[in-house]
Amino acid sequence: MALPSPAPLLTAADLVVGYAAKKTPHPVAGPLQLALWPGELVCLLGPNGAGKSTLLRTLAGLQPALGGQLAVGGQSLADLRAPERARQLSIVLTDRIDAGNLTVRELVRLGRHPHTGWLGGLSAHDEAQVQAALEATGTEAFAPRPVGELSDGERQKVLLARALAQDTPVVLLDEPTAHLDLPNRVALMRLLHRLARQTGKAILLSTHELDLALQAADRVWLLPATGALRTGTPEDLVLSGDFAAAFVHEGLAFDAATGTFALHAPTGPAVQLVGDGAAAFWTRRALEREGFVPTTGPADLRVTVPPGSPATWLSQAAGQPPQTHATVEELLRALRQTPSGQLAGPAANNGLR
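The letter at position 258 of the sequence shown is residue 264 when you use the working numbering, and the numbering goes up by one with no holes.
So, in structure tokens, the structure goes:
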């Protein structure tokens, strides 16, 4: 017998989000049709000012919607009292909290408040939930430490542990990787994906970590400046061109072949690049940084990256014998000295010789 299909944990129909100034509504995005499913990590992406934080705060019930219907756990969010909402939704914001002299364990225990009686006492089950949240986020080792002594990365994990201790089906996070260094950003995204899978929770986070989101997210909510939301797997949104289009007004050029944003816009002479593998990939990066335009077709400049490690680069200008180079630095130096290379771009004329 077929198993029943899971129901979405959060749904929105014709949702309009924004703010009201002097009782005049100012829509930011919408109408939106949304659904969060169990066991999925969803990344909310979009340029600055598109309304990501406004949408997240509306989904959490922290500000009212301007229109449409929003339901969590099959119930209208507007009809839920605060304690009921806190048993369905937990949220981690970027706002720095003043934890006073609380220890890590004491802060995480606060996540159990929606489930305790009016006296706030924790049962054995509550303590087990707190311990499980500490272990899941790797924060158990510094549970006795004061929150004020934590690094930014440690603090972010503790706030996530508090949200997990709250044990809600839906977890919302606003820019959880802000203020973290790259290793901690990668570790946190990996952790969130694992938690969604293992716990069956729906985890939604807004982020500017576009490259990481494309790797970690099961689904992307893409909110461009127009407010016309697109949803789908990262791969479908990239291949359809929707992802690149959402950021084109930010001056970002997205390369669908590599899944990265181009830092440089080469406009100089073409270089025929022959080869594949890691060495060819990084050679292309170096050529683009210098202002060259790597191509697979014929060109006056030709660079060959033979297979093998360590690589040996061959360069040849039209009408000249080939040259051998042991490093990318040597290759670039030789290309700059060719007549074509002197036209490559700013890097060729800033005294780098």
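Using N, Cα and C, we set each Cβ at its ideal position, and we do this for glycine too.
Nearest neighbour of residue i, chosen from the options [CA to CA]
{"i": "W33", "options": "P12, Q69 and V244", "result": "It should be pointed out that residue 33 corresponds to Pro in this sequence rather than to Trp. Among P12, Q69 and V244, the Cα nearest to that of P33 belongs to Q69."}
{"i": "P240", "options": "D173, W227, A234 and T60", "result": "W227"}
{"i": "I209", "options": "L95, A340, Y25 and Q322", "result": "L95"}
{"i": "V254", "options": "G52, D306 and Q135", "result": "G52"}
{"i": "G283", "options": "T301, G303 and P313", "result": "P313"}
{"i": "L211", "options": "A305, T273, L186 and L50", "result": "L50"}
{"i": "P304", "options": "R291, D217, W288 and P275", "result": "P275"}
{"i": "L218", "options": "S246, A231, P182 and L229", "result": "P182"}
{"i": "A149", "options": "M195, G36, V114 and V98", "result": "V114"}
{"i": "D224", "options": "M195, L83, V334 and A250", "result": "M195"}
{"i": "L395", "options": "L170, V110 and L178", "result": "Beyond the ends of the chain as shown, which are 7 and 359, falls residue 395; an answer cannot be given."}
{"i": "P14", "options": "E336, G80 and T143", "result": "G80"}
{"i": "A71", "options": "S59, G24, D85 and T289", "result": "G24"}
{"i": "A26", "options": "N54, T64 and P12", "result": "T64"}
{"i": "A326", "options": "E336, A340 and E335", "result": "Before going further, note that residue 326 is Gln rather than Ala in the sequence given. Checked all of E336, A340 and E335; the closest Cα to Q326 is A340."}
{"i": "L156", "options": "K28, T109, G238 and S246", "result": "T109"}
{"i": "P230", "options": "K29, T30, G127 and G36", "result": "G36"}
{"i": "I97", "options": "A169, H121, T30 and P89", "result": "A169"}
{"i": "S59", "options": "T232, T310 and T213", "result": "T213"}
{"i": "E146", "options": "S129, A130, V164 and D132", "result": "V164"}
{"i": "G144", "options": "G127, G154, L197 and D132", "result": "L197"}
{"i": "R290", "options": "A252, T100 and L338", "result": "L338"}
Three-way DSSP call (helix, strand, coil) for residue i in this model
{"i": "Q135", "result": "helix"}
{"i": "S157", "result": "coil"}
{"i": "H3", "result": "Nothing can be reported for residue 3, as the shown portion of the chain is limited to 7 through 359."}
{"i": "W319", "result": "strand"}
{"i": "A262", "result": "coil"}
{"i": "P33", "result": "strand"}
{"i": "H331", "result": "strand"}
{"i": "D248", "result": "helix"}
{"i": "T109", "result": "strand"}
{"i": "A340", "result": "helix"}
{"i": "Q172", "result": "coil"}
{"i": "P150", "result": "coil"}
{"i": "G357", "result": "Since pLDDT at G357 reaches only 37, below the 50 mark, its modelled position is unreliable, and the value read off the structure follows with that caveat. Note: G357 maps to coil in three-state DSSP."}
{"i": "L15", "result": "coil"}
{"i": "R87", "result": "coil"}
{"i": "L140", "result": "helix"}
{"i": "L42", "result": "strand"}
{"i": "A26", "result": "strand"}
{"i": "L5", "result": "Because the chain in this structure spans residues 7 to 359, residue 5 falls outside the shown range and cannot be described."}
{"i": "L99", "result": "coil"}
Contacting residues, own chain, Cβ-Cβ under 6 Å from residue i (five flanking each side not counted)
{"i": "H199", "result": "L47 and A222"}
{"i": "G206", "result": "P44 and G45"}
{"i": "L358", "result": "For L358, the pLDDT reaches just 38, beneath the cut-off of 50, and the residue's location in the model is therefore unreliable, although a value from the coordinates is still provided. Closer than 6 Å at the Cβ level, and outside the excluded window around L358, lies no residue."}
{"i": "G73", "result": "V22"}
{"i": "L293", "result": "V277 and P300"}
{"i": "L16", "result": "L42, V78 and V176"}
{"i": "A171", "result": "V114, G117, R118, Q135, V136 and A139"}
{"i": "L83", "result": "G67 and L76"}
{"i": "P400", "result": "As displayed, the chain neither begins before 7 nor continues past 359, which places residue 400 out of reach and without an answer."}
{"i": "V334", "result": "A292"}
Buried versus exposed, by CB contacts within 10 Å (16 or more), residue i
{"i": "V280", "result": "exposed"}
{"i": "T1", "result": "Residue numbering for the chain in the displayed model covers 7 to 359; residue 1 lies beyond these limits and cannot be assessed."}
{"i": "A332", "result": "exposed"}
{"i": "L166", "result": "buried"}
{"i": "Q75", "result": "exposed"}
{"i": "F287", "result": "exposed"}
{"i": "G57", "result": "buried"}
{"i": "S321", "result": "buried"}
{"i": "D173", "result": "buried"}
{"i": "D180", "result": "buried"}
{"i": "Q135", "result": "buried"}
{"i": "A142", "result": "buried"}
{"i": "R91", "result": "buried"}
{"i": "L188", "result": "exposed"}
{"i": "A8", "result": "Caution is warranted here: a pLDDT of 44 is assigned to A8, below 50, making its placement in the model unreliable, and no coordinate value can be reported."}
{"i": "A262", "result": "exposed"}
{"i": "A130", "result": "exposed"}
{"i": "L220", "result": "buried"}
Sequence-distant residues of the same chain with beta carbon closer than 8 Å to residue i, five excluded per side
{"i": "P10", "result": "With a pLDDT of 48 at P10, under the threshold of 50, the modelled position of this residue cannot be trusted; read the value that follows with caution. Same-chain partners within the cutoff: there are none."}
{"i": "R191", "result": "T183, E215 and L218"}
{"i": "E336", "result": "W319"}
{"i": "A202", "result": "G45, E46, L47, A208, I209 and D224"}
{"i": "R151", "result": "T109 and V110"}
{"i": "N107", "result": "P152 and G154"}
Same chain only: Cβ atoms within 7 Å of residue i, ignoring 5 sequence neighbours per side
{"i": "L38", "result": "A18, L21 and L235"}
{"i": "T344", "result": "L307 and A323"}
{"i": "G249", "result": "Gly is not the amino acid found at residue 249; the sequence shown has Phe there. Excluding residues within five positions, the ones whose Cβ falls inside 7 Å are L228, L243 and F260."}
{"i": "L186", "result": "D158, G159, Q162 and L194"}
Residue i CB to nearest heavy atom of the ligand ATP below 7 Å
{"i": "T289", "result": "Absence of the ligand ATP from the depicted structure is noted, as is the absence of any ligand whatsoever, leaving it without description."}
Which whole runs of the beta strand (DSSP E) in the region 267-315 are 3 residues long or more, in chain order? 276-280, 299-301 and 307-310
3-residue-minimum beta strand (DSSP E) runs that sit fully inside the region 44-84, ordered along the chain: 47-51 and 73-78
Please list the segments of the alpha helix (DSSP H) lying wholly inside the region 172-228, counting only runs of 4 or more residues, in order along the chain. 188-205 and 216-222
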